[in-house]
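Data first, discussion second: the structure below is written as C-alpha cells.
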Amino acid sequence: MALLVVEDLHKRYGKEEVLRGVSFTLERGETKVIIGPSGTGKSTLLRCINRLTEPDRGRIWLNGEEITSRRTNIYKIRAQIGFVFQDFNLFTHLTALDNVRLGLIRVKRMPRREATERAMRELARVGLADKANAYPAQLSGGQQQRVSIARALAMDPKLILFDEPTSALDPELIGEVLQVMIELAEAGMTMLVVTHEMGFARSVADEIIFMEKGVIVEQGPPEVLFTNPKVPRTAEFLRKITEFYGESS
Amino acid sequence: MTASDWQGLLKGVPSLLGGLGINLQILLGLVTLGFLVGIVIALIQVYGPRPLATLAVGYEWFFRGVPEMVLLLLIYYGLRQFHVPITPFIAAVVALGLRSSAYQSQIFRGAIQAVGSRQMMAALSVGMTRLQAIRHVILPQALRLSIPPWSNEFSSVLKDTTLASAIGVIEVFKRARFIIGRQYGLALPAFMLVALFFLVLTYMGNWILGALERRYRIPGFEAKGTGERF
Ligand SMILES: Nc1ncnc2c1ncn2[C@@H]1O[C@H](COP(=O)(O)OP(=O)(O)OP(=O)(O)O)[C@@H](O)[C@H]1O
Ligand SMILES: [Mg+2]
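Protein chains in written order, with our numbering: chain A, 1 to 249; chain B, 1001 to 1230.
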C-alpha cells in the first residue's frame, strides 16, 4: 500500500463545493506537486489530509492507518505529517530553536537536552544553526520559512505537506527555500507540494497533479504534462503559469 | 489648618495606612479572581462550543452592565438573605472580582483573537492538542498583548476598592471619614492624603506593569536603533 492514499475526498463550505471527489496516492520517497488556479481547493485538500479541516466525505490512509476513522488519535497522526504554511506561521514569541523544539518537548515528550540537540541538527540542516536564538521577527522571510521546515523535520514526519511555501517570499529569497526542499527530496523525504514554481515542479516532482474546481483534471510525470498533456485545459494552464511565474528555479 | 489639625492628621496616618492595607488585600483578591475567571471566560468565548460561548457572552454582558455599587450590595445583602455567612470583605472581593472578570475577559478575548487562528493551526499541525496549543502558543502571546489594556483595568479596580466601604469594610476611605467625624477641619487634608495614596499606588502599579511589558517584549518588534520612533 502507498504511504498516503486519498480516496474520493469531498468538502463543502456552505453552498460551495470546494473538493468534489479527489483521489490520489503518494508512495514513500515520492514528491508530488499540486498546481491549479486560485480557489480550486488546493489548500483545503492539504488541510484535510491532516484534518486541520474535517472532510465531509472520503477516506485517507497514512501508512495503512485510516486517518479519517473516528477511532484514530488525530494528534498522533498530525505529529507524523509535517505542514509548511505559505506565511510560515512560526510561533512569534519563541526563538528559532524553541520553535523547532516545542513539538519535541510537548508532543514527543523528549528530554530537553535531547530535544535541543535534535532541533539544532535540523536548524543546521536548513543552514540556520547560527540563528538558533533569533526570534521570527528578526529573520528574513526565507529564513523564517527554513525554520518552519526545520520545525516540521524535527518531528520525524513520514510526509511533509507544503502549501505554497515560496509564495509569500521576495523573489531573491525563493531560491534558498527551494534549495532546502530539493535536498529533502533527494534525501528521500515524501512530499506533497502546492506551488507555482514550475522549475521546481519540472525538475523535482515525480508527478504533477493539476486540480481545478475541486477535482483532479490530470496527473502524470512532468515530462508528460509539460509536453504531451491529455487534456487541453492542462496545456493552457501550464502555459499561462509558466509565462507568469517564469521558470527561474 | 490649626496646629491641632496637623496633630490630628498626623495621628490619623497609621490608621489610614492600615486601611490602605485592606484596600490592597481587596485589590489582590479581586484582581486574582478577575484574572482567572476572565481568562476562562475569554477562552470559552473564542474556543468553546456554541451554547457555552453564548453563556459566556451573557456573563460578560451582565457583569459589565450592572453598576458595581448595586452588584456589591446585591451580593452582600443577597447572600446574607439566604443565610450565607459572608463577610463584607469577601463580598467585596467577589463582587468587584466578578465585575473585573467581565472586563478582563474582554481584554483577553481581544488579545487571543489578535494572536490569530494561524498560530493555533501551526500548533495543531505539529500534533499539539488544543489545550497544549492554548497553554504554550496562544496564551503566552495573548498575555503579552494584554498588558497595556490590563494596566487600565488595574488602575480602575484599584480605585474601586474604596466602594467596599459601602458594605461596611473598614478600609482607607471609611477610616478617613472616621477621622473627619472626630475633627471636621480635617475633611480636606484627610481626603487629599487618601487621594495621594491612590495616586502613588497607581503610579507604582503602572510602573511594575510597564517593566513587565518591557521584560517580556518579543525581540524584533521594538523600534530598532537608539531613540528611533515610528
Ligand atoms: N474556512 C473557510 N470557510 C469558508 N470558505 C472557505 C474556507 N477555506 C476556503 N474556503 C473557500 O474554499 C475555496 C477553496 O479555497 P482554497 O484555499 O482551498 O483554494 P486554493 O486552491 O488553495 O487557492 P489559492 O491558490 O488562492 O491558495 C475558496 O473559494 C475559498 O473561499
Ligand atoms: Mg491555497
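Note that CB positions come from ideal geometry on N, CA and C, so glycine has one too.
Exposure of residue i, with buried meaning 16 or more beta-carbon neighbours within 10 Å
i, result
"Arg-1215(B)", "exposed"
"Trp-1150(B)", "buried"
"Ser-1117(B)", "exposed"
"Ala-1122(B)", "buried"
"His-93(A)", "buried"
"His-1136(B)", "buried"
"Met-211(A)", "buried"
"Asp-170(A)", "exposed"
"Tyr-1203(B)", "exposed"
"Thr-31(A)", "buried"
"Asn-280(A)", "The structure shown does not extend to residue 280(A), since chain A spans only 1 to 249, so no value can be given for it."
"Leu-1188(B)", "exposed"
"Phe-88(A)", "buried"
"Glu-1231(B)", "Missing from the structure shown is residue 1231(B); chain B here goes from 1001 to 1230 and no further."
"Arg-113(A)", "exposed"
"Asn-73(A)", "exposed"
"Gly-142(A)", "buried"
"Val-1200(B)", "exposed"
"Gly-1019(B)", "buried"
"Pro-1067(B)", "exposed"
"Ser-1105(B)", "buried"
"Asp-1160(B)", "buried"
"Val-1084(B)", "exposed"
"Trp-1006(B)", "exposed"
"Gln-1081(B)", "exposed"
"Asp-156(A)", "exposed"
"Lys-42(A)", "buried"
As assigned by DSSP and simplified to three states, the class of residue i
i, result
"Tyr-13(A)", "strand"
"Glu-1153(B)", "helix"
"Ile-209(A)", "strand"
"Pro-1219(B)", "coil"
"Ser-38(A)", "coil"
"Asp-1160(B)", "helix"
"Val-18(A)", "strand"
"Leu-26(A)", "strand"
"Asp-250(A)", "Limits of chain A in this structure are 1 at one end and 249 at the other, which puts residue 250(A) out of reach."
"Val-1084(B)", "coil"
"Leu-3(A)", "coil"
Closest residue to residue i among the options (Cα-Cα distance)
i, options, result
"Ile-60(A)", "His-10(A), Gln-86(A), Val-6(A), Leu-102(A)", "Val-6(A)"
"Gly-21(A)", "Lys-15(A), His-10(A), Gly-29(A)", "His-10(A)"
"Ser-148(A)", "Thr-25(A), Pro-37(A), Ala-79(A), Asn-99(A)", "Asn-99(A)"
"Gly-188(A)", "Asp-206(A), Glu-176(A), Met-198(A)", "Asp-206(A)"
"Pro-37(A)", "Val-224(A), Met-1(A), Thr-195(A), Ser-140(A)", "Thr-195(A)"
"Leu-159(A)", "Gly-39(A), Met-181(A), Val-177(A)", "Met-181(A)"
"Gln-122(A)", "Thr-25(A), Leu-153(A), Ile-35(A), Glu-236(A)", "Looking at the sequence provided, one finds Glu at residue 122(A) rather than Gln. Residue Leu-153(A) is the option with its Cα nearest to Glu-122(A)."
"Ile-258(A)", "Gln-219(A), Val-217(A), Met-198(A)", "Here chain A has residues from 1 to 249 only, and residue 258(A) is not among them."
"Glu-17(A)", "Val-33(A), Arg-146(A), Thr-44(A)", "Thr-44(A)"
"Thr-1162(B)", "Gln-1025(B), Val-1013(B), Pro-1140(B)", "Gln-1025(B)"
"Gln-179(A)", "Val-126(A), Met-155(A), Asp-163(A), Glu-223(A)", "Val-126(A)"
"Ser-1125(B)", "Gln-138(A), Gly-39(A), Arg-151(A)", "Arg-151(A)"
"Leu-1209(B)", "Ala-1102(B), Arg-1182(B), Ile-1167(B), Ser-1146(B)", "Ser-1146(B)"
"Arg-57(A)", "Ile-49(A), Gln-80(A), Gly-64(A)", "Ile-49(A)"
Terminal residues of the beta strand (DSSP E) in which residue i lies
i, result
"Ile-34(A)", "31-35"
"Ala-1168(B)", "Before going on, a small fix: residue 1168(B) reads as Gly here, not Ala. Element bounds for Gly-1168(B): n/a, residue is neither H nor E."
"Ile-255(A)", "In the structure as shown, chain A starts at 1 and stops at 249, and residue 255(A) therefore has no counterpart that could be examined."
"Gly-220(A)", "215-220"
Residue range of the alpha helix (DSSP H) that includes residue i
i, result
"Val-107(A)", "Counting along the chain, Val-107(A) falls outside any alpha helix (DSSP H), and DSSP gives it neither H nor E."
"Val-1200(B)", "1187-1215"
"Glu-1060(B)", "1050-1065"
"Ile-1112(B)", "1088-1115"
"Asp-1005(B)", "1003-1047"
"Val-1070(B)", "1068-1081"
"Pro-232(A)", "232-245"
"Ala-1133(B)", "1130-1133"
Any non-hydrogen atom of ligand 3 within 8 Å of residue i CB
i, result
"Asp-163(A)", "In the structure on display, ligand 3 does not appear, and the ligands it does have are ligand 1 and ligand 2."
To test your reading of the DSSP string, which unbroken beta strand (DSSP E) runs of 3 or more residues are found completely within the stretch 51-78 of chain A? 57-62
Please list the segments of the beta strand (DSSP E) lying wholly inside the stretch 123-201 of chain A, counting only runs of 3 or more residues, in order along the chain. 159-163, 191-194
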